[in-house]
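A short worksheet on the structure shown next.
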Amino acid sequence: MRKINLEISVEIFDWDELPDTDKMIMRSAQEALQGAYAPYSNFHVGAAVLLEDGTIIKGSNQENAAYPSGLCAERTAIFATGANYPGQIITAIAVTAKPASSPTFVSVSPCGACRQALLEYEYKQQKSIRMLLQGADNTVCVLQSIDSLLPIKFTQDNLG
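With UniProt numbering, letter number 55 in the sequence shown gets 55, and the count goes up by one each step, no holes.
The following block contains the structure:
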């Protein structure tokens, strides 16, 4: 038997410490959150994808009475990017969330399906995508690559 320890490196910034570009994309994710359709969970999520040329694509969670027909904010944003900006390099994605009845943001990270979808785009472009996750206490968690979210991953390499 062998034992392997997996580690993840995360940077935590106070809002005031964030570079201007990171503040901009995080604000875009907060704006995207306003478009959430979440009548069942009342949990609103916003995401914003930043392209290399500065273009920002927003997405929000979209629920449906015929669960699981809805879609998370992260996949809404990344799929819109793939459909409307094919071949463009994605440099970052920001995610934020809050309950509908609350003025306060809560800490959130992507679900497994979103992690897998985001990883596919990182592999497709062969370039890391930074991830910014808003915290509850006006902090932002920054990961340098989607790859770090899935240390044991499934990729096209697994398909043989």
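By construction, the Cβ of each residue, glycine as well, lies at the ideal position given by its N, Cα and C atoms.
All of these numbers come straight from a predicted model, not from anything done at the bench.
Using a Cβ-Cβ cut-off of 7 Å (strictly less than) and excluding sequence neighbours within five positions of residue i, which residues of its own chain qualify?
i: L118; result: E74, I78, I93, P110, I129, I146
i: F105; result: T96, A97, K98, Q134, A136
i: C141; result: V10, I12, L133, G135
How big is the Cα-Cα spacing for residue i and residue j?
i: residue 166; j: A83; result: In the structure as shown, the chain begins at 1 and stops at 160. Residue 166 is therefore absent and cannot be evaluated.
i: L159; j: K153; result: 12 Å
i: Q126; j: L143; result: 17 Å
i: K124; j: T155; result: 10 Å
i: L132; j: Y67; result: 28 Å
i: Q34; j: S102; result: 13 Å
i: N5; j: P151; result: 10 Å
i: S28; j: T55; result: 11 Å
i: T21; j: C72; result: 24 Å
Who are residue i's beta bridge partners in DSSP?
i: residue 163; result: The first residue shown for the chain is 1 and the last is 160, placing residue 163 beyond what the model contains.
i: A32; result: Its beta-bridge partners do not exist; DSSP assigns none.
Just to confirm my understanding: we take residue i, look at its own chain, exclude 5 residues before and 5 after, and list those with CB closer than 8 Å. What are they?
i: T139; result: I12, F13, D14, W15
i: T81; result: V49, L51, I57, Q88, I90, Y121
i: T76; result: A47, G59, S60, N61, Q62
Report the CB separation of residue i from residue j in whole angstroms; it is logged as a contact under 8 Å.
i: E7; j: S41; result: Not a contact, Cβ separation roughly 32 Å.
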